[in-house]
Amino acid sequence: MVIRLCGVSAIVFVFGIFFFVFREGAGFLFHGLSLRQFFGSIEWYPTSESHVRYGVLALIAGSASVTVLAMAIAVPFGIGAAIFISEFCRPRLRETLKVTIELLAAIPSVVWGFIGLTVMNPLIIRLFHVPIGLNVLNGGLILALMSVPVIVSIGEDALKAVPDSYREAALALGVTRWQMVYRVLVPAAKNGLLAAALLGVGRAVGETMAVLMATGHAVKIPTSVMDSVRTLTATIAAELGETAVGSDHYQVLFIIGILLFSITFVVNLVADLAVRGIRAR
1 MVIRLCGVSA IVFVFGIFFF VFREGAGFLF HGLSLRQFFG SIEWYPTSES HVRYGVLALI
61 AGSASVTVLA MAIAVPFGIG AAIFISEFCR PRLRETLKVT IELLAAIPSV VWGFIGLTVM
121 NPLIIRLFHV PIGLNVLNGG LILALMSVPV IVSIGEDALK AVPDSYREAA LALGVTRWQM
181 VYRVLVPAAK NGLLAAALLG VGRAVGETMA VLMATGHAVK IPTSVMDSVR TLTATIAAEL
241 GETAVGSDHY QVLFIIGILL FSITFVVNLV ADLAVRGIRA R
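Each residue of the sequence shown is one higher than the one before, starting from 1 at the first, in this note's numbering.
Spelled out as structure tokens, the structure:
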């Protein structure tokens, strides 16, 4: 009974969190919020005295741009590092790299944000001759560094889970080590590698403090990686403490929480369907 309760508790907690977030935002969601304006407008003026506007299109674009850039950097480097650690690395170097990567994962997000603010910001200004270095590029690089440890850890586990008989059979056929990796091991471990990449996406989408400090916090749709943006998570973190409990602004921030919850659910659902499809083939 105790073990059963432990297993069911995760489901209960998830539904409990969703119920709380939905309850706080449901009143304004069904009575007062224009979904057309909410999803179709880039104007975010929740404290305007004359014309309040709640448009999250620019916030969604900001979150998407930073996440896509972060994954474009993190997934190749993460999978490559996992392959190197699993198949090419000597034992002593392997242990050193694994400890170092785990230490990267242990760095708090506010420290990463501080690095983006004080180190990456002047570096980007100097290298690209832009007026400010708090932009999509800064946030994408920081999120990539934060996501790489997750991708490397899960990716290495997936490669290690491939039976040694696969390696022995490939070597018996006379292939090189690199041919064995991309012809045998990567296809055999693609379920786990896909899961690693999607966990990295989840890590990037849900990050708050780092993107709050590194992206410039400007409400606009980016046209290049040098544009400052604001993300959904950063908006909640920056504004929730300044709103009156129960106000329209307060409820809209919880509606953004519902949106983030839904995005996370869709990402996990797509991951599950993709893994199931790969297994079926």
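C-beta: ideal position from N, C-alpha, C; glycine also.
Remember, it's a predicted structure, so these values are computed and weren't measured experimentally.
With DSSP run on the structure shown, which of helix, strand or coil describes residue i?
| i | result |
| --- | --- |
| Gly139 | helix |
| Arg90 | coil |
| Val229 | strand |
| Gly216 | strand |
So which of the options has the shortest CA-CA distance to residue i?
| i | options | result |
| --- | --- | --- |
| Phe28 | Ile256, Arg92, Gly140 | Ile256 |
| Ala74 | Gly216, Val150, Thr233, Pro222 | Val150 |
| Gly216 | Asn121, Lys98, Leu134 | Leu134 |
| Asn268 | Thr233, Gly25, Val205 | Val205 |
| Ile101 | His129, Arg203, Val152, Ala72 | Val152 |
| Ile107 | Gly25, Leu143, Ala70 | Leu143 |
| Ala26 | Ala271, Leu259, Val270 | Leu259 |
| Leu212 | Phe128, Arg230, Lys98 | Arg230 |
| Val266 | Val201, Arg36, His249 | Val201 |
| Gly40 | Glu24, Leu59, Ser50 | Leu59 |
| Leu199 | Ile154, Ala237, Val181 | Ile154 |
| Ala170 | Ala158, Leu33, Leu145, Leu185 | Leu185 |
| Leu97 | Ala82, His129, Val110 | Ala82 |
| Gly192 | Met226, Asp272, Ser9 | Asp272 |
Taking all protein chains shown into account, do 16 or more other C-beta atoms lie within 10 angstroms of the C-beta of residue i, making it buried, or fewer, making it exposed?
| i | result |
| --- | --- |
| Met1 | exposed |
| Ile17 | exposed |
| Ala197 | buried |
| Ile79 | buried |
| Val219 | buried |
| Trp44 | buried |
| Phe254 | buried |
| Ala210 | buried |
| Gln251 | buried |
| Leu232 | buried |
| Thr176 | exposed |
| Val111 | exposed |
Grab the span of the alpha helix (DSSP H) containing residue i for me, first residue to last.
| i | result |
| --- | --- |
| Glu24 | 2–30 |
| Arg203 | 190–205 |
| Ser109 | 109–115 |
| Ser63 | 57–83 |
| Met180 | 177–180 |
| Arg167 | 164–172 |
| Arg183 | Unbroken run through Arg183: none, as it is neither H nor E. |
| Leu33 | No alpha helix (DSSP H) holds Leu33; DSSP gives it neither H nor E. |
| Ile221 | That residue, Ile221, is in no alpha helix (DSSP H); it is neither H nor E in DSSP. |
| Ile124 | 121–128 |
Please check the pair residue i and residue j, which I expect to be a contact at CB under 8 Å, by giving their CB distance rounded to whole angstroms.
| i | j | result |
| --- | --- | --- |
| Ala214 | Gly62 | Not a contact, Cβ separation roughly 12 Å. |
| Ser282 | Pro222 | No statement about residue 282 is possible, as the shown extent of the chain runs from 1 to 281 and does not include it. |
Please tell me whether residue i has its Cβ less than 9 Å away from any Cβ of chain C.
| i | result |
| --- | --- |
| Ile125 | The structure shown contains no chain C; it is built from a single protein chain. |
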